[in-house]
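To start, the structure under review is shown below, and the notes come after it.
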Amino acid sequence: EAGVTQFPSHSVIEKGQTVTLRCDPISGHDNLYWYRRVMGKEIKFLLHFVKESKQDESGMPNNRFLAERTGGTYSTLKVQPAELEDSGVYFCASSWRAYNEQFFGPGTRLTVL
Amino acid sequence: AQTVTQSQPEMSVQEAETVTLSCTYDTSESDYYLFWYKQPPSRQMILVIRQEAYKQQNATENRFSVNFQKAAKSFSLKISDSQLGDAAMYFCAYRRGNKLVFGAGTILRVKS
Chain V
22 EAGVTQFPSH
32 SVIEKGQTVT
42 LRCDPISGHD
52 NLYWYRRVMG
62 KEIKFLLHFV
72 KESKQDESGM
82 PNNRFLAERT
92 GGTYSTLKVQ
102 PAELEDSGVY
112 FCASSWRAYN
122 EQFFGPGTRL
132 TVL
Chain D
695 AQTVTQSQPE
705 MSVQEAETVT
715 LSCTYDTSES
725 DYYLFWYKQP
735 PSRQMILVIR
745 QEAYKQQNAT
755 ENRFSVNFQK
765 AAKSFSLKIS
775 DSQLGDAAMY
785 FCAYRRGNKL
795 VFGAGTILRV
805 KS
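The listed protein sequences correspond, in order, to chains V and D. Just add 21 to wherever you are in the first sequence, counting from 1, and you've got the working numbering. Just add 694 to wherever you are in the second sequence, counting from 1, and you've got the working numbering.
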């Protein structure tokens with residue numbers, strides 16, 4: 022069975038541009054999470070979907086970040102416009118139920134120049 | 695604030711020896727879950743071991759074990775008989791509701 026996949030693995034963009042990150046959870050997992058790790062710091066929670074609904078978006082830094090999960094399958098995280106401080110590794114995770122083990126994807130490394 | 699602190703940014707261990715990674719956390723909850731995750735270079739993060747706070751017995755998974763001290767809010771990971779494949783970034787985390795709260799990570803280097 023395929024694990025959580027993320028695309029792209031790396032993205033380098035200029036400040037002010039737009040970037041869209043994609044996450045495909047494990048099939049059948051209703052819960053999908055986004056996390057971010059800024060260089061050398063802790064991994065921080067961004068938001069949690071249950072199917073297509075946002076259950077908790079308390080970690081989203083500001084309104085330049087928009088997450089969607091159409092049809093309760095894959096999810097996208099759009100950053101528009103990107104700022105230098107948005108650089109980091111964005112992780113996606115999924116779980117069958119909210120309190121089950123979260124399985125992580127390999128992450129997308131975003132560099133904003 | 696509820697936080698997780700990993701005080702060792704980097705650790706090294708000789709192959710076949712034992713190493714302990716430290717983690718302290720701060721929570722006001724009485725029942726919670728603690729985790730150690732491993733992220734090998736350029737690969738995805740995987741769960742190494744988990745501990746339920748209401749269980750006094752320390753969790754063990756093969757060569758990996760924890761020393762859970764609830765009163766001290768300490769949750770260290772011991773890796774016995776270290777192998778080259780153990781080289782990775784290790785993250786300590788606890789679950790707060792539906793989300794994981796992570797520490798900053800410890801890079802573990804294994805010397806042959």
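Built from N, CA and C at the ideal position, the CB exists for glycine as well.
Q. Under a Cβ-count criterion, where at least 16 other Cβ atoms within 10 Å of its own Cβ denotes burial, should V:Glu-63 be classed as buried or exposed?
A. buried
Q | Interface partners of D:Phe-785 on chain V, CB under 7 angstroms | A | Ile-64
Q. Distance, Cα to Cα, D:Ser-759 vs V:Gln-101?
A. Cα to Cα, the separation comes out at about 43 angstroms.
Q | Residues near V:Thr-41 by beta carbon distance below 6 angstroms, same chain, minus five either side | A | Within the same chain, V:Thr-41 has close Cβ partners Thr-97, Lys-99.
(Q) Going by beta-carbon coordinates alone, are D:Ile-773 and D:Thr-712 separated by less than 8 angstroms? (A) yes
**Q.** Contact with chain V by D:Gly-797, beta-carbon distance below 8 angstroms
**A.** yes
Q) Under a three-way DSSP split, which group does V:Leu-105 fall into? A) When secondary structure is reduced to three states using DSSP, V:Leu-105 falls in the helix class.
Q.
Counting beta carbon pairs with one atom in the segment 84-97 of chain V and one in the segment 698-709 of chain D, are three or more of them shorter than 8 angstroms?
A. no
**Q.** Same chain, Cβ closer than 6 angstroms to V:Arg-58, neighbours up to 5 away in sequence not counted
**A.** Ile-64, Gly-109, Val-110
(Q) Using only CA atoms, which one of D:Ala-787, D:Asp-780, D:Cys-717 lies nearest to D:Ser-734? (A) Sequence inspection shows Pro at residue 734 of chain D; the Ser mentioned does not correspond to that position. Looking at the Cα atoms, D:Asp-780 is the closest of the given residues.
Q.
Per DSSP, what are the beta-bridge partners of V:His-69 in this structure?
A. DSSP lists V:Tyr-54, V:Asp-77 as partners of V:His-69.
Q | 8 angstroms contact criterion, which D:Leu-728 and D:Gln-745 should meet: CB distance rounded | A | Rounded to whole angstroms, the Cβ separation of D:Leu-728 and D:Gln-745 is 5 angstroms, and the two are in contact under 8 angstroms.
Q: State the Cα-Cα distance for the pair D:Met-783 and D:Gln-738, rounded to the nearest angstrom.
A: 11 angstroms
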